[in-house]
Each structure stands twice: as C-alpha cells, then as structure tokens.
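Remarks on the structure that follows.
In this note's numbering, the protein residues as written are -14 to 132.
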C-alpha cells in the first residue's frame, strides 16, 4: 500500500514539474482540497483552493488537530514556535498560500526559515490539489506528506 502511495505521489510531483510554474489555464472552476494522510506532531495539514475562470482565486493552507482546532489559531503554539524557530503558523501558512495565489503554481515558492518541514508538505499538497483542479475532481485527495 505504501508503494502505491509513493508511486501516486511521484506521478503527481512529476506532473507538476512537467507543467511548469507558468500556464495554469488547464484548471477547472471549483473548490479543491488536498490533505495529509497522517497527523504530524499532532497536526494534519491541508490546502483548499478555489478556481474561477481557470485561475486560482482563493487559497487556504493550514493544519488541524484531531479535534478540528486550527493550528494558526493556537496562540500557545505560536509563542513556542516563534521563540524557537523565528516564525509561527499564522505567518508561514499565509505566506505560502499567498505565493500560490500570486504565482498560480507552487514551484517557485521559497521556504521560510523555521518552517521548512511545512514548506515540504505544502509543496506536496499543492502539487496534488493543482492536479485535482486540472482534472476537475472535487473530491478530497489524501496525500502522503511524510518526508
């Protein structure tokens, strides 16, 4: 089962690299979501995009714990992470989401120091959600983001 997930993930990443970061006109209108298959450090990351007129018009990137609490709303976690890593979820999730919206692709988004693990997950989730949008498949795709 793990080999199948790895093969699917490899295919999605290859498809994302082959399409480049420029033309995204193949995106079909609708809402698309990709979420991590597993919790990492108590959080499960996800990306939801809205496509209208063939372009991404809205991006939400965040994580939730098993009870559904949103990571960027956790002030105690924010303080801990800010002091140890120099950034915090509400900062880097907004940055990564805004860059995906601005670039209409995730290939050229630089990692923020202190949030490189989330950047790696973001890249994987973004490739998967963009592929969903190209196919017009609005079902939630579950992706192995372990790295």
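Quick reminder that beta carbons are idealized off the backbone N, C-alpha and C, glycines included.
Buried or exposed (CB count within 10 angstroms, at least 16 for buried), residue i
i: residue 196; result: The chain is shown only over -14 to 132; residue 196 falls outside these bounds and no answer can be derived.
i: residue 60; result: exposed
i: residue 117; result: buried
i: residue 103; result: buried
i: residue 106; result: buried
Nearest to residue i (by Cα), restricted to the options the options
i: residue 44; options: 88, 93, 95; result: 88
i: residue 27; options: 33, 55, 41, 42; result: 55
i: residue 49; options: 64, 41, 78, 72; result: 78
i: residue 113; options: 25, 24, 33; result: 33
i: residue 53; options: 25, 84, 29; result: 29
Rounded distance between the beta-carbons of residue j and residue i, thought under 8 Å
i: residue 31; j: residue 21; result: 7 Å
i: residue 62; j: residue 74; result: 7 Å
i: residue 115; j: residue 130; result: With 8 Å as the limit, residue 115 and residue 130 do not qualify as a contact, their Cβ atoms being about 15 Å apart.
i: residue 125; j: residue 86; result: The Cβ separation is near 20 Å, so there is no contact.
Sequence-distant residues of its chain with Cβ nearer than 6 Å to residue i (five each side left out)
i: residue 108; result: 91
Terminal residues of the alpha helix (DSSP H) in which residue i lies
i: residue 25; result: No alpha helix (DSSP H) holds residue 25; DSSP gives it neither H nor E.
Cβ-based neighbour list, residue i, same chain, cut-off 8 Å, excluding 5 preceding and 5 following
i: residue 14; result: 36, 37, 38, 39
7 Å Cβ shell around residue i - same chain, five flanking residues per side excluded
i: residue 123; result: 15, 16, 17
i: residue 127; result: 20, 22
Residue i - containing beta strand (DSSP E), residue span
i: residue 20; result: 15 to 21
i: residue 82; result: Residue 82 -> not in any beta strand (DSSP E); alpha helix (DSSP H) instead, spanning 74 to 88.
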